[in-house]
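With the UniProt record's numbering, the residue at position 537 of the sequence shown is 537, and numbering never jumps. Where a beta carbon is used, it is the ideal one built from N, C-alpha and C, also for glycine. As the structure is a prediction and not an experimental result, all values here were calculated from the model.
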Amino acid sequence: RNDEDTFKILIATDIHLGYLEKDPVRGNDTFVTLNEILGHAQKNEVDFILLGGDLFHENKPSRKTVHSCLESLRKYCMGDRPVQFEILSDQAVNFHYSKFPWVNYQDENLNISMPIFSIHGNHDDPTGADALCALDILSCAGLLNHFGRSASVEKIDISPILLRKGRTKIALYGLGAIPDERLYRMFVNKQITMLRPKEDEDSWFNLFVIHQNRSKHGATNYIPEQFLDDFINLVVWGHEHECKIAPSQNEQQRFYVSQPGSSVVTSLSPGEAVKKHIGLLHVEGKKMKMQKIALETVRTFHMEDIVLADHPDLFNPDNPKVTQAIQAFCMEKVELMLDNAERERLGNPRQPEKPLIRLRVDYTGGFEPFSVHRFSQKYVDRVANPKDIIHFFRHREQKEKDDSDLNFGKLVSRPASEGMTLRVEDLVKQYFQTAEKKVQLSLLTERGMGEAVQEFVDKEEKDAIEELVKFQLEKTQRFLKERRTDAEEEKIDEEVRKFRESRKKNTEEEDEEVREAMTRARAHRSEDTVLVAASSDEELMDTGMKGTGDSDDGLPATLSRGSGRARGRARGARGQNSAARGSSRRGRGSTSQETATSSRTYKPVSVPAKNKSVMDAFRSLKPAPTLNSSKSYSEEAIDDDSDLEDISIVPSSKVNQRLSTTSSRSKTGSQSQTSRGVDFESDE
């Protein structure tokens, strides 16, 4: 009643500027509605505008979106009308993230007549190394006051902006969007603190703006109202798009909650079909009044549900022409919604011409959907969303229960704590006990199968299920052989059923079966590991011996530990003359330690038939001597045109024979023994 002591605040949330901006029909909807909201604020001469997040739809809005927003804010928020309230709190704390830590209307370089205070939402939240968002651009330009930011994930202290107009004082709290799970955990751990003014704390009207899930979407994916402090007078709740702007009281905390909802339809859901409003809040002392203002430029949205099974007189699934009947019925419903939208638009010329139409069709009961694309073509010029008019869905059909099915009474009444520790084997048992008769287990037991599945899931025992099936199958076969059952299907089934029931009663024997099967599975996995390792070694040996066979089939292919290094150096020396390579090999063979080390050879493995003579020669060799042996050994490096060089340890008495064989097979047969290799006697 008394304007000198009364705050007038325009409240709106979730404007989503830039939503579907490239759509030829709906592209300008958000910009038109923003201008309407700012026009209402200017018309009612509000003290300031309070936005509850998601001013922009994208985290990085396009140039068109930013330009349109700046254009509207400059048009409506700048002027000569004086601002009637003052700020009492430390603005360096309220706007400490800004390079200009003061409210925009107090900036001597700006002429602001209608300030805007806004928190960020989940669509336009700060990101990147500098933690900037689109609101920071508007704040830096002096067109908006961005508050409610918090960077810490360990503790958040919410410091209010203290406003005073005459005798009315408002403590404005704000908390920008934070992932719900994190904020939920912080509330539980008492890491959220709302600071209160020291002087006359009961004389302040406490207004809190938040942008989080209000409805429960999971165990911790929302913020219960009970988490908020009870000294708050009014909570403006953003993020939820359904319009519930009339304040509703929380019976436990005794504060009021206003949910303005979005100003644009962003999803074709029932909550969006509610009429869109913004609020004009009057605050005088500790009293408040919320005035609803309907938005006239919002595109109308009509939605209806159809359940085909509820019309048995019209639709029969066995009728071959039932699909055509369903399509005709849907067309009638759409036409009816279009007529309602047209009547609603007659009283409001500012409303967009084409409405949003949604018809959800439940075709449970054996019905088939028709072509949505073909249906939509008929309404391209009359509806704003022709591709989304029809939405077919069906509920999961419940299985028919008989007397033999499990009674779910105990399962339904199970406490929540047990539900959190539900085991895999319990799920398997529950599945088979409630499954249809044709998919019931007849040979295996639910207990054994559950244990095998648990081994497969928890311990990644990939052969657990297979080994259990094999084990129980073998045991059943032995049982049938011992009973000498006649080869008749009915008698075999009966015997198997009896045997299965006896095993189910004897739990100790069944546990023993599972343990035995799991042991076999682990053993099978171990064998696979060994085979893989052996096959990889065999491939290495085959590769080495194949290379040796190509260069000189008469030489043994004994792989010594020094051969890898010799081959590496030989490859590196490719392109040099043989004398240079020979000299490098003389350097390799000069140390007695390497000669002794190279005497330790790998155990030979099977080789192709091509290298059979090589293996025979290998077997004819005497065992490698120890380091203390008095026999002299030589290191022989064979060089030819092949890329591989093999080093083998052979008795010195056979060196001349090997060298002569090598020289006869080489391309340059006239080379002497000295140029082909050098004998080195060990120091020992």
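The alpha helix (DSSP H) runs lying completely inside the region 478-505 and spanning 4 residues or more are 489-505, given in chain order. N206 is bridged by DSSP to A171. Looking at the backbone, the Cα of E86 and that of K165 are separated by about 7 Å. By the beta-carbon neighbour count (other beta carbons within 10 angstroms, threshold 16), R343 is exposed. Of all alpha-carbon atoms in E71, V283, H241 and I156, the one lying nearest the alpha-carbon of S263 is that of H241. For L162, the enclosing beta strand (DSSP E) begins and ends at I161 to K165. The beta-carbon distance between R350 and T297, rounded to whole angstroms, is 5 Å. This is short enough to meet the 8 Å contact definition. Along the region 234-268, the beta strand (DSSP E) occurs as fully enclosed runs of 3 or more residues at 234-238, 244-249 and 256-259, listed in sequence order. Annotation for H302: the continuous beta strand (DSSP E) segment containing it runs F301 to V307.
If you draw a straight line from the Cα of K244 to the Cα of V380, it comes to about 33 Å.
The criterion of a C-beta distance shorter than 9 Å is not satisfied by S68 and F117. Beta-bridge annotation (DSSP): M449 is not paired with any residue. The continuous alpha helix (DSSP H) containing Q327 extends over residues V322 to L346.
Contact between V334 and L314 does not hold, since the beta-carbon distance rounds to 16 Å and is not under 8 Å. Within the DSSP secondary-structure output, A294 pairs in a beta bridge with H277. Contact annotation, G238 with S258: C-beta distance approximately 10 Å; criterion of less than 8 Å not satisfied. Between the region 89-102 and the region 51-64 there are fewer than three C-beta pairs closer than 8 Å, too few to call the two in contact. In the DSSP assignment, I357 falls within the beta strand (DSSP E) that extends over L356 to D362. Contact check for P369 against Q377 fails: the beta carbons are separated by 9 Å or more. Under the three-state reduction of DSSP, S62 is assigned to coil, being neither helix nor strand.
The beta-bridge partner set that DSSP reports for F117 consists of L50 and N145. The region 143-151 makes no contact with the region 181-189, as fewer than three CB pairs between them are under 8 Å.
Secondary-structure assignment with DSSP links V283 through a beta bridge to F7 and M288. A distance below 9 Å separates the beta carbons of F205 and V283. DSSP links A12 through a beta bridge to L51. Distance between D180 and K276, taken at the CA atoms: about 26 Å. In the DSSP annotation of this structure, the continuous segment of the beta strand (DSSP E) that includes I390 starts and ends at I390 to F393. Below 8 Å, enough C-beta pairs join the region 172-179 and the region 205-214 to call them touching: three or more. DSSP places E45 in the coil class of the three-state scheme, outside both helix and strand.
Between G121 and A177, the gap from beta carbon to beta carbon is short of 9 Å.
Here D29 is buried, its C-beta having at least 16 other C-beta atoms within 10 Å.
Within the model, the alpha-carbon separation for T168 versus K286 is close to 8 Å.
Counting the other Cβ atoms within 10 Å of the Cβ of P247 gives 16 or more, which makes it buried. Closest in C-alpha terms to K198, from the list S159, Y256, G27 and R214, comes S159. Counting other Cβ atoms within 10 Å of its Cβ, R63 stays below 16 and is therefore classed as exposed. At a Cβ-Cβ threshold of 9 Å, D388 and V307 do not count as neighbours.
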